[in-house]
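In our numbering, the protein residues as written are 1274 to 1394.
Structure first, commentary second.
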Amino acid sequence: MTELRMSYCPIEQIIEDAENVNTHDAFGHDSIKASIERFDVRKPIVVGEDNNVCYAGNLTLQVLRELGYAQVPVAWLPADMPENERHGYAIADNQIGRLSTFDWNLLESMIQKIDVDFTAM
C-alpha cells in the first residue's frame, strides 16, 4: 500500500474529470453546498498528482469554486497509478456509499439531538 499523501492545492490548478460518469441534479448540488456552508470542507477531494485531474469530488470542487475557495484539501493519487485504476476508484467512490442504509430509529434519535436543518441537504 502506498502512503496517503494529502495537502492543500490552489483550486485553479485542479481539473474536473471530463470522463466523470457520475451525474448530479440541482438537489445534489444544493445539498453539498448547504453542507459545506454549515460544516466547511471536512474531507479531501481525490486528484492525480501527475495530471491534477479530480477523480473523486467533482461536484464538491464545482461548489467550492462557486463559494470562492482559493484552496482545496486534496488526497493525491500516485503518479504510477494506471488511468484505468483511477477511473475504477472513481466509480467505486461514487457507488459504494449508495449501497448503505440507515438505522432509521437511531437516525431519528440523533437528528433530534442536533441543531442542523437537513431539509436543504
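No residue lacks a Cβ here, since even glycine has one placed at the ideal position from N, Cα and C.
Nearest-angstrom Cβ-Cβ length linking residue i and residue j, presumed shorter than 8 Å
i, j, result
"valine 1319", "leucine 1350", "6 Å"
"glycine 1301", "leucine 1332", "7 Å"
"isoleucine 1287", "asparagine 1325", "6 Å"
"valine 1347", "methionine 1274", "Actually they do not touch by this definition, with Cβ atoms about 19 Å apart."
"alanine 1352", "aspartate 1323", "4 Å"
Delimiting residues of the alpha helix (DSSP H) encompassing residue i
i, result
"tyrosine 1362", "1356 to 1369"
"glutamine 1385", "1377 to 1386"
"isoleucine 1305", "1299 to 1312"
"leucine 1334", "1331 to 1339"
Candidates the options, of which the one nearest residue i by Cα
i, options, result
"glutamate 1270", "Asp1298, Tyr1281 and Ala1363", "Any answer about residue 1270 is impossible in this case: the structure gives the chain only from 1274 up to 1394."
"glycine 1370", "Glu1339, Cys1282, Ala1329 and Asn1293", "Ala1329"
"isoleucine 1309", "Val1345, His1297 and Glu1358", "Val1345"
"leucine 1334", "Asp1366, Asn1357, Glu1356 and Ile1305", "Ile1305"
Delimiting residues of the beta strand (DSSP E) encompassing residue i
i, result
"tyrosine 1342", "Premise fails: tyrosine 1342 is in no beta strand (DSSP E) and is neither H nor E."
"methionine 1279", "1278 to 1283"
"valine 1319", "1318 to 1321"
Cross-strand partners of residue i (DSSP beta bridge)
i, result
"leucine 1350", "Gly1321"
"isoleucine 1288", "Val1326"
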